[in-house]
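Per the numbering used here, numbering of the sequence shown is gapless, rising by one per residue and ending at 283.
We treat Cβ as the ideally placed atom computed from N, Cα and C, and that holds for glycine.
All values derive from a computational prediction rather than experimental measurement.
Everything on this sheet refers to the single structure shown next.
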Amino acid sequence: MASFGLVSLVTVAVFFAGGFLAAVFFAGGFLAAGFLAAVFFAGGFLAGIIRPRTLRLLHSFQ
């Protein structure tokens with residue numbers, strides 16, 4: 222009986238650790254996706270600001 226209790230305890234611990242790791246990976250993926258979205262948004266925003274100005278500068282040089 223003692224060994225059965227130990228096995229069930231280890232099984233529960235393994236499942237708990239697995240669930241914890243899955244949660245960590247999910248959170249990491251969510252953060253990475255959010256970070257990438259923020260980078261792309263900032264890049265597009267900056268490009269939208271910079272591009273018209275650089276085009277105007279190029280036209281003024283011509």
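Can you give the Cα-Cα distance for residue i and residue j, rounded to whole angstroms?
i	j	result
G264	F241	34 Å
F237	G255	27 Å
A258	T275	25 Å
F247	G269	32 Å
Among residues of its own chain, excluding the 5 on either side of residue i, which ones have a beta-carbon nearer than 6 Å to its beta-carbon?
i	result
G239	none
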